[in-house]
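Colleague: If you're matching positions, the sequence shown starts at 12 in our numbering and goes up one per residue. Think of the CB as a built atom: it goes at the ideal place given N, C-alpha and C, for glycine as much as any other residue.
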Amino acid sequence: VCLNSSTKLVPFLLELDKEYVGEAILGVKTTTGDRGGAVIDVSAKKVDFESLLEVINKFKGRVVQTPPIYSALKKDGKRLYEYAREGIENVEVKPREIFIYEFEVLSFKDEEFQKFSFRVRCSKGTYVRKLIEDVGDALGCGAFLYSLKRTRIGPFDSEDAPSPWDREGLVRSCISNEDVVKMIMPVRYVSQKEASKVLNGMSIKVEESYEGLTAIFCEDTLIAIAQAKNGILKPIRVFKK
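(1) Would Gly151 and Lys56 be called neighbours here (beta carbons separated by less than 8 Å)?
(2) Over what stretch of residues does the beta strand (DSSP E) that includes Ser184 continue unbroken?
(3) How is Pro22 classed by DSSP in three states: helix, strand or coil?
(4) With H, G and I counted as helix, E and B as strand and the rest as coil, what does DSSP make of Asp59?
(5) Around the Cβ of Lys251, are there at least 16 other Cβ atoms within 10 angstroms (buried) or fewer (exposed)?
(6) Can you find the residues in the same chain that come closer than 6 Å, C-beta to C-beta, to Ser16, ignoring five residues on each side of it along the sequence?
(7) Which same chain residues end up closer than 6 Å to Glu113 when comparing Cβ atoms and leaving out the 5 residues on each side of it in sequence?
(8) Mapping DSSP to helix, strand and coil, what is Ala235?
(9) Under 8 Å: do the stretch 58-65 and the stretch 181-195 share three or more Cβ pairs, one atom per stretch?
(10) Taking Cβ to Cβ, would you say Ala235 is nearer than 8 Å to Val217?
(11) Are the Cβ atoms of Leu233 and Ile215 separated by less than 8 Å?
(12) Return the chain-ordered list of same chain residues with a C-beta closer than 7 Å to the C-beta of Val116, the five sequence neighbours on each side being excluded.
(13) Identify whether Asp168 lies in helix, strand or coil by the three-state DSSP scheme.
(14) Quick test of your reading: Gln76 and Arg107, contact by CB under 8 Å. State the CB separation rounded to the nearest angstrom.
(15) In the DSSP assignment, find the unbroken alpha helix (DSSP H) run with Ile143 in it and report its ends.
(16) Expressed to the nearest angstrom, what Euclidean distance is found between the alpha-carbon atoms of Leu156 and Leu27?
(17) Out of curiosity, what's the CA-to-CA distance linking Thr137 and Lys85?
(18) On the three-state DSSP scale, how would you describe Gln76?
(19) Just to confirm my understanding: we take Ile51, look at its own chain, exclude 5 residues before and 5 after, and list those with CB closer than 7 Å. What are they?
(20) Look up Asp52 in the DSSP assignment and give the residues it is bridged to.
(21) Just to confirm, is the Cβ distance from Ala149 to Lys69 under 8 Å?
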């Protein structure tokens with residue numbers, strides 16, 4: 012939970028890799044790719060554990076994924092799920108590149124419907140239910156996402172999060188803006204003179220030539236998030252006291 016000036020960090024936190032654990036059902040396809048949709052196909056085909064692992068491994072690394080029609084992405088100013096609810100499902104959706112850093116099977120059960128639990132660490136913009144659908148299609152039996160829980164975003168693990176009802180725990184677990192940015196991006200310290208420029212939205216020159224997001228500090232205080240390019244630091248979020 013981000014409060015006060017920490018809300019300025021939300022866009023940068025959303026860019027971080029994410030980790031999920033979940034469960035998938037094989038042999039069944041639904042309209043939405045999860046258990047909230049209507050069943051549209053049932054397959055009698057059974058797969059073995061080795062075949063599942065082989066397919067899972069093919070989805071590691073750089074992957075081209077087409078976002079599902081039941082999603083909040085916009086097409087011509089309209090959400091994709093709005094087209095789907097109107098029965099218009101032949102909407103052209105542009106595929107995009109994602110990255111699957113880790114994808115592992117945690118358990119595999121051969122029951123009336125085969126199911127497996129999994130853990131996946133992926134880049135921003137990954138639709139896990141579409142990933143599961145694609146795994147099912149690659150296996151030739153179809154699949155849908157039964158359950159999903161996000162367990163980590165960047166360096167932040169859900170296991171470290173206190174209960175929302177634990178007031179003392181919430182206070183103890185608070186992290187300053189300074190500590191957060193040090194965990195997710197490079198840091199650059201500037202002089203008081205440079206800080207004055209940055210706090211007024213002005214770019215500053217640096218000797219090093221590198222690209223990417225950089226947290227700008229003056230002494231021990233975070234004053235801005237900047238975009239570094241060709242020796243220039245351009246502030247994109249300023250933190251004024």
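Modeller: Answer, in terms of the structure:
(1) yes
(2) Careful: Ser184 lies outside any beta strand (DSSP E) and carries neither H nor E.
(3) helix
(4) coil
(5) exposed
(6) Phe250
(7) Arg132
(8) strand
(9) no
(10) no
(11) no
(12) Leu63, Leu64, Ile67, Phe127, Phe129.
(13) Of the three classes helix, strand and coil, the one that applies to Asp168 here is strand, per DSSP.
(14) About 6 Å separates the CB atoms of Gln76 and Arg107; that is less than 8 Å, so the two are in contact.
(15) 139-150
(16) Spanning the two alpha carbons is a distance of roughly 23 Å.
(17) 16 Å
(18) The answer is strand: DSSP assigns Gln76 an E or B state.
(19) Lys40, Thr41, Thr42
(20) When beta bridges are read from the DSSP output, Asp52 appears opposite Lys40.
(21) yes
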